[in-house]
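Taking it in order: structure first as structure tokens, then the write-up.
Number of protein chains: 2
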Amino acid sequence: MALKAQVLYDFTAEPGNNELTVKEGETVTITNQHIGGGWIEAQNSRGDVGLVPIDYVELNKSALPSFPAAGTAAPAAGVGNIVNSDLSFFDAFAPTSTQQNQANSNGNDPWSAWNADPSAGASNNSASNPDGTQTGRAAAGDSWGVAAQGHPQAYQGPGAEDDEWDDEWDDKSTAGYGEVESGDGNAMQRGGAHASMKLKFPGFSKSGPELYLLCKQIAKGKDKLPIYMGEVGPVWLYPESQLDCVVADPKKGSKMYGLKSYIEYQITPNTTNRPVNHRYKHFDWLYERLLDKFGSAIPIPSLPDKQVTGRFEEEFIKMRMERLQGWMSRMCRHPVIASSEVFQLFLTYKDEKDWKTGKRKAEKDETVGVMIFTTIEPEAADLDPIEVEQKCEQFNRFTKAMDDGVKEILTVGHEHWKRCTGPLPKEYQRIGKAFQNLSSVFTSSGYQGEETLTDAMTAAGKTYEEIAQLVAEQPKKDLHFLMETNNEYKGLLGCFPDTIGVHKAAIDKVKEGDKLVATNKITPQEKVTMAKRVSTMSYALQAEMNHFHSNRIYDYNRVMQLYLEEQVKFYETIAAKLRQAHSQFTTM
Amino acid sequence: MALKAQVLYDFTAEPGNNELTVKEGETVTITNQHIGGGWIEAQNSRGDVGLVPIDYVELNKSALPSFPAAGTAAPAAGVGNIVNSDLSFFDAFAPTSTQQNQANSNGNDPWSAWNADPSAGASNNSASNPDGTQTGRAAAGDSWGVAAQGHPQAYQGPGAEDDEWDDEWDDKSTAGYGEVESGDGNAMQRGGAHASMKLKFPGFSKSGPELYLLCKQIAKGKDKLPIYMGEVGPVWLYPESQLDCVVADPKKGSKMYGLKSYIEYQITPNTTNRPVNHRYKHFDWLYERLLDKFGSAIPIPSLPDKQVTGRFEEEFIKMRMERLQGWMSRMCRHPVIASSEVFQLFLTYKDEKDWKTGKRKAEKDETVGVMIFTTIEPEAADLDPIEVEQKCEQFNRFTKAMDDGVKEILTVGHEHWKRCTGPLPKEYQRIGKAFQNLSSVFTSSGYQGEETLTDAMTAAGKTYEEIAQLVAEQPKKDLHFLMETNNEYKGLLGCFPDTIGVHKAAIDKVKEGDKLVATNKITPQEKVTMAKRVSTMSYALQAEMNHFHSNRIYDYNRVMQLYLEEQVKFYETIAAKLRQAHSQFTTM
Numbered sequence: 066m067a068l069k070a071q072v073l074y075d076f077t078a079e080p081g082n083n084e085l086t087v088k089e090g091e092t093v094t095i096t097n098q099h100i101g102g103g104w105i106e107a108q109n110s111r112g113d114v115g116l117v118p119i120d121y122v123e124l125n126k127s128a129l130p131s132f133p134a135a136g137t138a139a140p141a142a143g144v145g146n147i148v149n150s151d152l153s154f155f156d157a158f159a160p161t162s163t164q165q166n167q168a169n170s171n172g173n174d175p176w177s178a179w180n181a182d183p184s185a186g187a188s189n190n191s192a193s194n195p196d197g198t199q200t201g202r203a204a205a206g207d208s209w210g211v212a213a214q215g216h217p218q219a220y221q222g223p224g225a226e227d228d229e230w231d232d233e234w235d236d237k238s239t240a241g242y243g244e245v246e247s248g249d250g251n252a253m254q255r256g257g258a259h260a261s262m263k264l265k266f267p268g269f270s271k272s273g274p275e276l277y278l279l280c281k282q283i284a285k286g287k288d289k290l291p292i293y294m295g296e297v298g299p300v301w302l303y304p305e306s307q308l309d310c311v312v313a314d315p316k317k318g319s320k321m322y323g324l325k326s327y328i329e330y331q332i333t334p335n336t337t338n339r340p341v342n343h344r345y346k347h348f349d350w351l352y353e354r355l356l357d358k359f360g361s362a363i364p365i366p367s368l369p370d371k372q373v374t375g376r377f378e379e380e381f382i383k384m385r386m387e388r389l390q391g392w393m394s395r396m397c398r399h400p401v402i403a404s405s406e407v408f409q410l411f412l413t414y415k416d417e418k419d420w421k422t423g424k425r426k427a428e429k430d431e432t433v434g435v436m437i438f439t440t441i442e443p444e445a446a447d448l449d450p451i452e453v454e455q456k457c458e459q460f461n462r463f464t465k466a467m468d469d470g471v472k473e474i475l476t477v478g479h480e481h482w483k484r485c486t487g488p489l490p491k492e493y494q495r496i497g498k499a500f501q502n503l504s505s506v507f508t509s510s511g512y513q514g515e516e517t518l519t520d521a522m523t524a525a526g527k528t529y530e531e532i533a534q535l536v537a538e539q540p541k542k543d544l545h546f547l548m549e550t551n552n553e554y555k556g557l558l559g560c561f562p563d564t565i566g567v568h569k570a571a572i573d574k575v576k577e578g579d580k581l582v583a584t585n586k587i588t589p590q591e592k593v594t595m596a597k598r599v600s601t602m603s604y605a606l607q608a609e610m611n612h613f614h615s616n617r618i619y620d621y622n623r624v625m626q627l628y629l630e631e632q633v634k635f636y637e638t639i640a641a642k643l644r645q646a647h648s649q650f651t652t653m
Numbered sequence: 066m067a068l069k070a071q072v073l074y075d076f077t078a079e080p081g082n083n084e085l086t087v088k089e090g091e092t093v094t095i096t097n098q099h100i101g102g103g104w105i106e107a108q109n110s111r112g113d114v115g116l117v118p119i120d121y122v123e124l125n126k127s128a129l130p131s132f133p134a135a136g137t138a139a140p141a142a143g144v145g146n147i148v149n150s151d152l153s154f155f156d157a158f159a160p161t162s163t164q165q166n167q168a169n170s171n172g173n174d175p176w177s178a179w180n181a182d183p184s185a186g187a188s189n190n191s192a193s194n195p196d197g198t199q200t201g202r203a204a205a206g207d208s209w210g211v212a213a214q215g216h217p218q219a220y221q222g223p224g225a226e227d228d229e230w231d232d233e234w235d236d237k238s239t240a241g242y243g244e245v246e247s248g249d250g251n252a253m254q255r256g257g258a259h260a261s262m263k264l265k266f267p268g269f270s271k272s273g274p275e276l277y278l279l280c281k282q283i284a285k286g287k288d289k290l291p292i293y294m295g296e297v298g299p300v301w302l303y304p305e306s307q308l309d310c311v312v313a314d315p316k317k318g319s320k321m322y323g324l325k326s327y328i329e330y331q332i333t334p335n336t337t338n339r340p341v342n343h344r345y346k347h348f349d350w351l352y353e354r355l356l357d358k359f360g361s362a363i364p365i366p367s368l369p370d371k372q373v374t375g376r377f378e379e380e381f382i383k384m385r386m387e388r389l390q391g392w393m394s395r396m397c398r399h400p401v402i403a404s405s406e407v408f409q410l411f412l413t414y415k416d417e418k419d420w421k422t423g424k425r426k427a428e429k430d431e432t433v434g435v436m437i438f439t440t441i442e443p444e445a446a447d448l449d450p451i452e453v454e455q456k457c458e459q460f461n462r463f464t465k466a467m468d469d470g471v472k473e474i475l476t477v478g479h480e481h482w483k484r485c486t487g488p489l490p491k492e493y494q495r496i497g498k499a500f501q502n503l504s505s506v507f508t509s510s511g512y513q514g515e516e517t518l519t520d521a522m523t524a525a526g527k528t529y530e531e532i533a534q535l536v537a538e539q540p541k542k543d544l545h546f547l548m549e550t551n552n553e554y555k556g557l558l559g560c561f562p563d564t565i566g567v568h569k570a571a572i573d574k575v576k577e578g579d580k581l582v583a584t585n586k587i588t589p590q591e592k593v594t595m596a597k598r599v600s601t602m603s604y605a606l607q608a609e610m611n612h613f614h615s616n617r618i619y620d621y622n623r624v625m626q627l628y629l630e631e632q633v634k635f636y637e638t639i640a641a642k643l644r645q646a647h648s649q650f651t652t653m
């Protein structure tokens, strides 16, 4: 059955780039979903075929009656807020769209809270609002609400293939993150300071960093997270052998007598070498737990985008698996996460009972949000609050700058992807055809003895057709990985403003310590404790930054090598083909 | 002084292709004339800079007051007819424009006279018009007239640097071809059946092929052009050693106390090894003589386009010299032309007196137009008129098909040129910049020991900037020659309809032989003579086609090799650079 899609926004084709001009509201037929680079191939009602940005269309639920979207008239539902479409999986390379996704968890501009003048931003954040960055969070929540409102998926009828969100889940309260898509249609309830928000933004709903800065009791024993002084400064405790796992073998399962189906992945950790099965919603549950427990100290990157339409489609499953693998590998590489009980449970549960017990325990964990800092124990002396603030500012500047750099690569890579899969191979093909056509004219000359020339020209023409194909296929061999890595980093960097925000809020609290003492809000002793604790937080941040840096160096070294290696092969293959074509001409 | 230009037609920039949208009548500043590929770089009044097709603008005569063009309101002066602009030299690669230039000598569609049904076209050409293809010629002349009318260059004020057309020339009557540009502004007098047209279209003004078919006397002696039966069929008599010449050393000369200046080229034939000097107008005179004398039997390609503005500009002189060299080499390679008295005079005149004497003699030559066939002596038996017609049709089909093939290569090459010099290097540059930017962010991390990575990433970035430059410069190294050769062939092929037209007209005359005898227009003996002579013409055409084919095979073999060779080097250079960049990363 032909896959139809609704055009969400006007798009004007760039001439000569194999694109298709579409108008908002138009219905097009998807002729190729696997273009990559944020594009799909579509055909309009006049039969014209061309590329359209994937985030400009929305796939129709084929077998379902479509209900009019309630509330589409809301003027706030602008282009920028309508995100996370059915096909958003394909958006990974489309900076505009993924940037929007980022906005979902971090507000419209995750960096906007941090301007060039640190004091201005700081006083803004705490003095005027005791709840720290709650303002920013609420705005982000709002944007979520508006986004869902403009998104037809929230109004899906019953019976949709949407098992990840509509089937029973033992603890309702944990469904928060996915709720937007599983709601009863009134997604607006998600906006503002909703009760379930504490699950998403742990550090803030529990009334900010002072919860930790002023808490009486500090956890003891086996839960401790020591921080050592390494060569590069504060570092986490790294295990002797690196945990890793393989995500593989996706299988379609079903329940409710086949009425509901889902994909189950097999995850095999290198420690036990015993596979466990998990569905996407289990990964999502794990993500929620990690965010809840470690989010204030460690940026937890989002899972690969959810997707409903075409969920069982081979290409999509492969891509989701690749990204789940990337996410799991990153989590395994983090010493704190890898050794956490909840992560170990996910990887090594023995049976259903073991899993359920562990699950309930994890959900009852109280060392979440800023309280994670109670478990951190730096070996070094306390830091001066000024030094703490400087370090925090430095990390903020760096992550922001890197975010810009990563986005630049994504933008350029996206453009390049488009050129390499669209106009460029088309042009090589035309060159190839032109050589072959002229050769075939030559063959018709009736003149004797020009077979050497015409054969050689035909071969040269075919070579350019082969080059066209090489060019079109190349991005999947090299640019893909460069884009995936940068995309992953974009996601990771997008979490930093939240994490750094927790630190900023704590620093601001400490800075107003004198005032708080003067107004009898805290005792002088508590002020001392706060300074000590903000120092502990800073060690955690430094350890996390050092972890980030070492991973970054590893990842970029690896991906740049892979990219250049494949590029070398690509150009060498073309050169060899052309050399072969050249050799067929007569030397004169 | 900034070079200003007037925009002739609206042009809408293709997004992302470094183009500039311009409106008819707008004045732009030319910022780079040497883009090549039919493009110039221009800046509009808002400061935007981008590429504009060269034939969409017209350079202002900087130092001159501009006179309003009389007759610009003529509706016939449509876009298609306004050609041969000041900058038409640059148009060489712009198929639209050169196609128009072709139209100047061959009518708007040189192939239109020859449709699929040979008899229809034939009867059209002769039966209804005793003057054979004169109709087509007159139309071509008209198109010239209209073209000049729409072209401001014809209305240049006095004092223009236009020495090629405005200085004294010993025999006024020979200035015909250039007259359009040297006229007093009323270029319309050039349209229609003008007196001087006989000089341009020799075979027809002398009342068609019957002049030869029915002439009493056939030339004897040293002027004979024998045709032998070679392996491939009828061939011209080829000399033992190939004539060639070198066009070099362009020098600026002046006359009238420096008021007029011109460029003189040095031409050294390999026979005497003694250089002679010639100006462009001398080449043009030679072209006229060759067209006059041999045009009915041998396609004489036009000289490289004339150009007024920037005539002394280095790049232009180099390009014109390259093309004059190409034209001269092609003439030298033709056994009939190379051995002709007028061509030998041009190459080997001893002194001014020798030149003037030879010049006058050449201009008085009566064996011109169709009369050239009186000098041809085939060694083989007479051909059957049906065979003659079949051969003629075959050549016509071939040259038309090749013309299409050549134009396809030019169109594709033109597009490719634009991409290689515009958006593609820009993109590689952006990739290079993105890598370098990210590398510089990494350098600011404060993390120890990542110099290897950042140095390698910077080097990779610089490599992509180098690749950008390689890509942008490549077309001048390979595509240029492919384009030049095809452009030359396009010119040559554009002459075939005229040459073949002479044969067609002769065949048609012979076909109505019975009717002519019946109506006492000719005697039965004359009918026999006509058949014999059309057979001689056919041998000449076959010899010419065989000459064309052997040159074509040589030329395309050579240019394809050169193209592929340079392409191999190009891709290998890139691969080597990337390999070098790759080696700078740490192996893991």
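Same order as they appear, the protein sequences are chains A and B.
Sequential numbering of the first sequence, starting at 66, is according to the numbering used here.
Sequential numbering of the second sequence, starting at 66, is according to the numbering used here.
Quick reminder that beta carbons are idealized off the backbone N, C-alpha and C, glycines included.
Everything numeric in this text was worked out from a predicted model, so none of it was measured.
- Taken atom to atom, the span from the alpha-carbon of residue 628 (chain B) to that of residue 554 (chain B) is near 17 Å.
- Residue 314 (chain A) and residue 99 (chain B) have their alpha carbons spaced roughly 59 Å apart.
- The DSSP-derived three-state label of residue 343 (chain B) is strand.
- Within chain B, 477, 481 have C-beta atoms less than 7 Å from the C-beta of residue 496 (chain A), given in sequence order.
- Shortest Cα-Cα distance from residue 275 (chain A) to any of A:398, A:438, A:390 involves A:438.
- By the CB criterion at 8 Å, residue 547 (chain A) and residue 464 (chain A) fall outside the cutoff.
- C-alpha of residue 331 (chain A) to C-alpha of residue 338 (chain A): approximately 11 Å in a straight line.
- Between residue 358 (chain A) and residue 419 (chain A), the gap from beta carbon to beta carbon reaches 8 Å or more.
- DSSP lists no beta-bridge partner residue for residue 500 (chain B).
- In the three-state scheme derived from DSSP, where H, G and I count as helix and E and B as strand, residue 627 (chain B) is classed as helix.
- Any Cβ of chain A closer than 8 Å to the Cβ of residue 630 (chain B) would place that residue at the interface, and such an atom is present.
- When rounded, the separation of the alpha-carbon atoms in residue 543 (chain A) and residue 391 (chain B) is 44 Å.
- Taking a Cβ-Cβ cut-off of 9 Å, residue 380 (chain B) has no neighbours in chain A, whose nearest Cβ is about 27 Å from it.
- Contact of residue 565 (chain B) with chain A is not assigned, every C-beta pair being separated by 8 Å or more.
- When the beta-carbon positions are compared, residue 427 (chain B) and residue 528 (chain B) stay at least 8 Å from each other.
- Neighbourhood of residue 124 (chain B) in chain A, by CB distance below 8 Å: empty, with the nearest CB roughly 27 Å away.
- C-alpha of residue 421 (chain A) to C-alpha of residue 609 (chain A): approximately 31 Å in a straight line.
- Residue contact check for residue 303 (chain A) against chain B: no CB pair falls below 8 Å.
- In this structure, residue 362 (chain A) lies away from residue 596 (chain A), with their beta-carbon atoms at least 8 Å apart.
- Closest option to residue 70 (chain A), judged by alpha-carbon separation, among A:432, A:95, A:86: A:95.
- Taking residue 492 (chain B) as reference, the option from B:618, B:123, B:120, B:534 with the minimal CA-CA separation is B:534.
- The beta carbon of residue 524 (chain B) sits closer than 7 Å to the beta carbons of 646, 649 from its chain, once the five residues preceding and following it are set aside; these are given in chain order.
- Under DSSP, residue 301 (chain B) takes part in a beta bridge, and its partners are B:292.
- Look at residue 74 (chain A): its C-beta is not under 8 Å from any C-beta on chain B.
- Bridge pairing for residue 493 (chain B): absent [DSSP].
- In terms of beta-carbon proximity, residue 640 (chain B) lines the interface with chain A, with at least one pair separated by less than 8 Å.
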